[in-house]
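Asker:
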Amino acid sequence: MNEPLIQLAGVCKAYRFFSLTDVHLRLEAGQVMGLVGPNGAGKTTMIRLLMGMVRQDRGEVRVLGHPIPEGQALAKQDIGFASEEMRLYGQATLGWHMRLVRDMRASWDEGYAAHLLCHFNLHPDQRVRELSHGERVKAMLLLALAPRPRLLLLDEPTTGLDPVARHELLVELMDVVRDDRRAILFSSHHTQDVEQISDVITFLDRGRIVESRDKESFVDRWRRVFLDLPAGTAVPALPGAVSVTTTGRAAVVTTREYSPAVEEMCARARVTVRDVQRLTLEEIFVATVTSQREEQQR
Amino acid sequence: MHSGLLISHADARPMYLQIIEQIQQRIAVGDWPPGHELPSIRALAAETRVSVITVKRAYLELERAGVIVTRQGRGSFVAERAGLSLELHRQELDTQLAAAADLGRRLGLSADALADRLRGLAQALEDQAHPHEPAGSEEES
Chain A
53 MNEPLIQLAG VCKAYRFFSL TDVHLRLEAG QVMGLVGPNG AGKTTMIRLL MGMVRQDRGE
113 VRVLGHPIPE GQALAKQDIG FASEEMRLYG QATLGWHMRL VRDMRASWDE GYAAHLLCHF
173 NLHPDQRVRE LSHGERVKAM LLLALAPRPR LLLLDEPTTG LDPVARHELL VELMDVVRDD
233 RRAILFSSHH TQDVEQISDV ITFLDRGRIV ESRDKESFVD RWRRVFLDLP AGTAVPALPG
293 AVSVTTTGRA AVVTTREYSP AVEEMCARAR VTVRDVQRLT LEEIFVATVT SQREEQQR
Chain B
8 MHSGLLISHA DARPMYLQII EQIQQRIAVG DWPPGHELPS IRALAAETRV SVITVKRAYL
68 ELERAGVIVT RQGRGSFVAE RAGLSLELHR QELDTQLAAA ADLGRRLGLS ADALADRLRG
128 LAQALEDQAH PHEPAGSEEE S
């Protein structure tokens with residue numbers, strides 16, 4: 053019961069032009085984890101490793117207590133998976149797919165499936181190839197959600213959804229974690245969704261985990277500090293500064309290690325702090341990736 | 008149980024602060040009296056579509072401030088502390104006085120002139136409540 057639903061230790065997977073390096077990760081029951089990172093960061097590779105679709109070169113992958121890829125058949129009994137990579141049969145209807153999954157999964161909840169059909173505005177008689185992109189995404193999410201699995205692995209679940217459908221999906225996802233034995237891992241470029249519903253944020257860049265920590269402390273430590281510099285005064289070196297922009301006597305410092313001590317340091321340097329602002333996850337995302345790329349170019 | 012709490016993304020304040028303020032407002036106006044049971048953390052998270060950890064943080068801070076109490080395995084309740092609503096009302100009073108002081112400053116009133124006006128208004132209320140008593144010795148400005 054206390055075992056994490058997902059556990060990765062020292063996991064590596066190398067491809068010709070990309071490698072996932074030394075990934076350590078835990079997802080506990082009752083949690084929602086948002087996976088963010090730029091294109092090609094390794095988010096999809098990580099989800100494929102968890103599903104046993106590819107085998108790691110090194111390290112340990114455990115999902116719902118089963119070693120992966122060996123125990124994937126057992127693990128998948130209790131996983132709901134939705135991804136662009138998943139293929140539905142174009143000729144068949146959504147209803148046909150629903151019956152298929154229902155026959156394979158004893159936990160299929162017919163009433164919940166009907167509720168999702170209605171809220172996602174889908175019809176069982178629709179043929180898959182007649183569905184729009186967004187409808188196909190919703191169909192896959194319905195098939196993943198309706199068996200009420202303990203673990204949901206969703207690769208870009210909100211991409212291509214209209215605002216109403218996205219709202220409905222967030223409602224359903226937050227409903228899942230009313231049950232503290234269940235958990236969700238989802239990747240998304242929609243940082244507002246991630247910031248809103250995630251308990252843990254895992255930040256991936258170029259195959260490495262940059263940070264994986266609880267959302268509140270992740271977002272809380274970042275600040276943009278607006279300074280007024282007296283003539284001839286340089287911008288003080290502040291802890292965790294990721295970027296410094298100076299225009300005349302005004303300076304803006306973005307820091308990832310903000311604390312009240314920062315303002316004391318400015319006061320000692322005779323620099324006026326004009327304003328301190330929080331950052332959204334989107335801004336943190338851009339600041340992190342930009343500063344890392346600049347560092348690499350040096 | 009529907010709390011009616013609403014989280015806005017157009018609001019620059021972090022989500023946990025919005026939750027704290029809305030709960031405090033519910034308590035201050037008496038919608039949630041002392042002993043009232045709050046929604047469970049997971050229920051409120053599902054209802055507001057805000058992560059469990061954010062709601063948990065809001066509850067922890069409300070607990071630390073003595074506004075709510077959490078009994079293990081039983082849930083969270085509005086604190087019974089008699090001084091609670093008094094304290095919330097005092098906070099509200101400070102907010103309104105600060106706004107009045109700001110307006111007074113913009114009108115060019117000195118702190119003393121502002122205090123005199125307030126005293127006068129308070130005295131008028133007193134006189135209304137106890138018309139038989141003689142007026143106080145304070146002069147009106």
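Protein sequences, first through last, are from chains A and B.
Numbered continuously in the numbering used here, the first sequence closes out at residue 350.
Numbered continuously in the numbering used here, the second sequence closes out at residue 148.
Backbone N, C-alpha and C fix where the C-beta goes; we use that ideal spot for every residue, glycine too.
#1: Taking Cβ positions only, does D232/A come closer than 9 angstroms to chain B?
#2: So A422/A and D232/A are supposed to be a Cβ contact under 8 angstroms. How far apart are they, rounded?
#3: Does T306/A come out as helix, strand or coil in the three-state DSSP assignment?
#4: Going by DSSP, which residues form a beta bridge with V76/B?
#5: Name the DSSP beta bridge partners of F70/A, please?
#6: Quick one: measure Cβ to Cβ for L57/A and L146/A, integer angstroms, because I've assumed they're closer than 8 angstroms.
#7: Between the Cα of L256/A and the Cα atoms of I99/A, H167/A, E55/A and E122/A, which residue gives the shortest distance?
#8: How many whole angstroms separate the CB atoms of G82/B and S47/B, which I take to be in contact at a CB cut-off of 8 angstroms?
#9: Quick check on R233/A: does DSSP put it in helix, strand or coil?
#10: Between R71/B and T61/B, what straight-line distance do the alpha-carbon atoms span, to the nearest angstrom?
#11: Using 10 angstroms around the beta-carbon of M192/A, count the other beta-carbons present and answer buried if the total reaches 16, otherwise exposed.
#12: Tell me the rounded alpha-carbon separation between R124/B and A106/B.
#13: Would you mind listing the beta strand (DSSP E) stretches within the stretch 260-330 of chain A that are 3+ residues and don't spill past its ends, in chain order?
#14: Can you list the residues of chain A that I60/B reaches, using a CB-CB cut of under 7 angstroms?
#15: Mind checking whether V314/A and L290/A have CB atoms under 9 angstroms apart?
#16: Look at the alpha carbon of A89/B and the alpha carbon of W39/B, and state the distance between them as a whole number of angstroms.
#17: With 9 angstroms as the limit, tell me which residues of the stretch 213-247 of chain A have their beta carbon closer than that to any beta carbon of chain B; keep them in chain order.
#18: In terms of residues, what are the limits of the beta strand (DSSP E) holding H118/A?
#19: Give the DSSP-derived three-state secondary structure of T211/A in the structure shown.
#20: If we define contact as Cβ-Cβ less than 9 angstroms, is V84/A a contact residue for chain B?
#21: Out of curiosity, what's the CA-to-CA distance linking C64/A and V246/A?
#22: Report the neighbours of R330/A on chain B: residues whose CB is nearer than 7 angstroms to its CB, in chain order.
#23: How is V341/A classed by DSSP in three states: helix, strand or coil?
#24: Tell me the residue span of the alpha helix (DSSP H) that contains T55/B.
#25: In angstroms, rounded to a whole number, what distance separates the CA positions of E147/B and L132/B?
#26: Just verifying my parser: in three-state terms, what is the DSSP assignment at G143/B?
#27: Determine the chain A residues that contact V57/B at a beta-carbon separation under 9 angstroms, and present them in chain order.
#28: Taking all protein chains shown into account, do 16 or more other C-beta atoms lie within 10 angstroms of the C-beta of S250/A, making it buried, or fewer, making it exposed?
#29: Does the stretch 337-349 of chain A come close enough to the stretch 314-323 of chain A to have 3 or more Cβ pairs within less than 8 angstroms?
#30: Using alpha carbons as the reference points, say which of R308/A, E346/A, E208/A and E122/A lies closest to V328/A.
#31: Along the chain, where does the alpha helix (DSSP H) that runs through A134/A open and close?
#32: Roughly how many angstroms lie between the CA atoms of T243/A and V57/B, to the nearest whole one?
#33: Sort out for me which residues DSSP pairs A61/A with in a bridge.
#34: Which class does R179/A belong to by DSSP, given the choice of helix, strand or coil?
Answerer: A quick look at the data gives this:
#1: To locate residue 232/A, count along the first sequence from 1; it is residue 180. Yes, contact with chain B.
#2: The structure shown does not extend to residue 422/A, since chain A is modelled only from 53 to 350, so the question has no answer here.
#3: Your numbering for residue 306/A matches position 254 in the first sequence. T306/A: strand per DSSP, three-state reduction.
#4: Within the second sequence, residue 76/B is the residue found at index 69, counting from 1. Note: V76/B sits in a beta bridge opposite F84/B.
#5: Residue mapping note: residue 70/A aligns to position 18 of the first sequence, counting from 1. Partner(s): none; F70/A has no beta bridge.
#6: Residue numbering aside, residue 57/A sits at position 5 when the first sequence is read from its first letter. Residue numbering aside, residue 146/A sits at position 94 when the first sequence is read from its first letter. Not confirmed; about 28 angstroms, so no contact.
#7: Against the first sequence, residue 256/A aligns to sequence position 204. For L256/A, the nearest C-alpha among the options comes from I99/A.
#8: Position 75 of the second sequence holds residue 82/B. Position 40 of the second sequence holds residue 47/B. Going by Cβ atoms, the distance from G82/B to S47/B rounds to 6 angstroms, so yes, they are a contact pair.
#9: Taking the first residue of the first sequence as 1, we reach residue 233/A at position 181. In this structure, R233/A counts as coil in the three-state DSSP scheme.
#10: Taking the second sequence and counting its residues from 1, one reaches residue 71/B at position 64. Taking the second sequence and counting its residues from 1, one reaches residue 61/B at position 54. Going from the Cα of R71/B to the Cα of T61/B covers about 15 angstroms.
#11: Locating residue 192/A in the first sequence gives position 140, where the first residue counts as 1. Result: buried.
#12: Counting from one through the second sequence, the residue named residue 124/B turns up at place 117. Counting from one through the second sequence, the residue named residue 106/B turns up at place 99. Rounded to the nearest angstrom, the two C-alpha atoms are 15 angstroms apart.
#13: 260-266, 275-280, 293-299, 302-307 and 324-330
#14: Numbered from its first residue, the second sequence carries residue 60/B at position 53. D251, D266, K267 and E268, listed in chain order.
#15: Position 262 of the first sequence, counted from the start, is the residue given in the question as residue 314/A. Position 238 of the first sequence, counted from the start, is the residue given in the question as residue 290/A. Yes; because the gap between Cβ atoms is below 9 angstroms, this pair is in contact.
#16: Locating residue 89/B in the second sequence gives position 82, where the first residue counts as 1. Locating residue 39/B in the second sequence gives position 32, where the first residue counts as 1. Note on A89/B: pLDDT 45, under 50, position unreliable in the model; the coordinate value appears next. When rounded, the distance between both Cα atoms is 14 angstroms.
#17: H219, L222, V223, L225, M226, D227, V228, V229, R230, D231, D232, Q244 and E247
#18: Counted from its first residue, the first sequence places residue 118/A at position 66. From DSSP, the beta strand (DSSP E) with H118/A extends over H118 to I120.
#19: As a first step, residue 211/A must be located in the first sequence, where it is residue number 159. In this structure, T211/A counts as coil in the three-state DSSP scheme.
#20: The sequence position of residue 84/A within the first sequence is 32, counting from 1. Yes, V84/A counts as interfacial toward chain B.
#21: The residue given as residue 64/A occupies position 12 in the first sequence. The residue given as residue 246/A occupies position 194 in the first sequence. Each residue's alpha carbon lies about 25 angstroms from the other.
#22: Residue mapping note: residue 330/A aligns to position 278 of the first sequence, counting from 1. Ordered by position in chain B, the residues that pass the 7 angstroms Cβ test against R330/A are P21.
#23: Locating residue 341/A in the first sequence gives position 289, where the first residue counts as 1. Looking at V341/A - three-state DSSP - the assignment turns out to be helix.
#24: To locate residue 55/B, count along the second sequence from 1; it is residue 48. Counting along the chain, the alpha helix (DSSP H) containing T55/B begins and ends at I48 to T55.
#25: Stepping through the second sequence from its first residue, residue 147/B is reached at position 140. Stepping through the second sequence from its first residue, residue 132/B is reached at position 125. Legend: pLDDT at E147/B = 46, less than 50; position of this residue unreliable, no value from coordinates given.
#26: To locate residue 143/B, count along the second sequence from 1; it is residue 136. Unreliable positioning characterises G143/B in this predicted model, as indicated by a pLDDT of 49, which lies under 50. The coordinate reading is nonetheless provided below. Coil, per DSSP.
#27: For the purposes of this step, residue 57/B is taken as residue 50 along the second sequence, with counting starting at 1. Result: M226, Q248 and I249.
#28: Residue mapping note: residue 250/A aligns to position 198 of the first sequence, counting from 1. Buried, since its Cβ has 16 or more Cβ neighbours within 10 Å.
#29: no
#30: Translated into the one-based positions of the first sequence, residue 328/A becomes position 276. Per the Cα distances, R308/A.
#31: The sequence position of residue 134/A within the first sequence is 82, counting from 1. Note, A134/A: premise wrong, no alpha helix (DSSP H); beta strand (DSSP E) at I131 to A134.
#32: Within the first sequence, residue 243/A is the residue found at index 191, counting from 1. Within the second sequence, residue 57/B is the residue found at index 50, counting from 1. Their backbone Cα atoms lie some 14 angstroms apart in a straight line.
#33: Here residue 61/A refers to the residue found at position 9 of the first sequence. A61/A is bridged to E112/A.
#34: Here residue 179/A corresponds to residue number 127 of the first sequence, with the count starting at 1. It is a strand residue.
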